[in-house]
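Colleague: The sequence shown begins at 124 in this note's numbering and counts up by one.
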Amino acid sequence: MNKTERQNALAKIINQQPIATQDELLTALKAAGIEATQATISRDIREMRVVKAQDANGQLRYAIFRADTESQMERLATAIREVGLGITRVQFINVIRTLPSNGNLLAAIIDDIKFPQVVGTVAGHDTIVIISPDEEAAEWFNDQYQHAFSL
Numbered sequence: 124m125n126k127t128e129r130q131n132a133l134a135k136i137i138n139q140q141p142i143a144t145q146d147e148l149l150t151a152l153k154a155a156g157i158e159a160t161q162a163t164i165s166r167d168i169r170e171m172r173v174v175k176a177q178d179a180n181g182q183l184r185y186a187i188f189r190a191d192t193e194s195q196m197e198r199l200a201t202a203i204r205e206v207g208l209g210i211t212r213v214q215f216i217n218v219i220r221t222l223p224s225n226g227n228l229l230a231a232i233i234d235d236i237k238f239p240q241v242v243g244t245v246a247g248h249d250t251i252v253i254i255s256p257d258e259e260a261a262e263w264f265n266d267q268y269q270h271a272f273s274l
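1) Given a cut-off of 8 Å on the beta-carbon distance, is the pair F272 and N217 in contact?
2) Measure the CB-CB distance between Q195 and D249 and report whether it falls below 8 Å.
3) Can you tell me whether A230 is buried or exposed, with buried defined as 16 or more other CB within 10 angstroms of its CB?
4) Any idea what DSSP makes of I233, helix, strand or coil?
5) What does N217 pair with, by DSSP beta-bridge criteria?
6) Compute the Euclidean distance between the alpha carbons of A246 and A154, then round it to the nearest angstrom.
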């Protein structure tokens, strides 16, 4: 099986089943007759932009990050309004607090936009650290999104 076929099968499984771990994903692939290693699945997850997010039932599961029809900036503002709890700037760093299990999803959106004011993000369960190249860039990011937390 080639990479495209395997990734299509991965997408189908992720979209149809509540998969929360790579082990569960490997098991589901094996049940579908697809043999793959953990390292291969890990690379596929990265390439396909698979993130962990809460589903409608509050369960953590894999989801494929998509920009859909919204612009990336609109998607970020919407996500901040939906799962963001607050933003704090400390020198050249912004820290965003989110609802539990949403740090990775929001960080993936920020990373995907590739802001020149963001060098990188580090995401946890409910916190994102956004590193900017300098204080001015961090202040710009904070000013751009501070209002979304109060809506």
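Here a beta-carbon is modelled for each residue, glycine too, at the ideal position from N, C-alpha and C.
Modeller: The answer reads as follows:
1) Sequence index remark: in the sequence shown, residue 272 carries index 149 (1-based). Sequence index remark: in the sequence shown, residue 217 carries index 94 (1-based). Taking 8 Å as the Cβ cut-off, F272 and N217 do not qualify as a contacting pair.
2) Here residue 195 refers to the residue found at position 72 when the sequence shown is read from its first residue. Here residue 249 refers to the residue found at position 126 when the sequence shown is read from its first residue. No, these two residues do not count as a Cβ contact at 8 Å.
3) As a first step, residue 230 must be located in the sequence shown, where it is residue number 107. Per the 10 Å Cβ criterion, buried.
4) Residue mapping note: residue 233 aligns to position 110 of the sequence shown, counting from 1. The answer is helix: DSSP assigns I233 an H, G or I state.
5) As a position in the sequence shown, residue 217 is number 94, starting the count at 1. In the DSSP output, where bridge partners are listed per residue, N217 has R212, I253.
6) The residue labelled residue 246 in the question sits at position 123 within the sequence shown. The residue labelled residue 154 in the question sits at position 31 within the sequence shown. Taking the straight line joining both Cα atoms gives about 32 Å.
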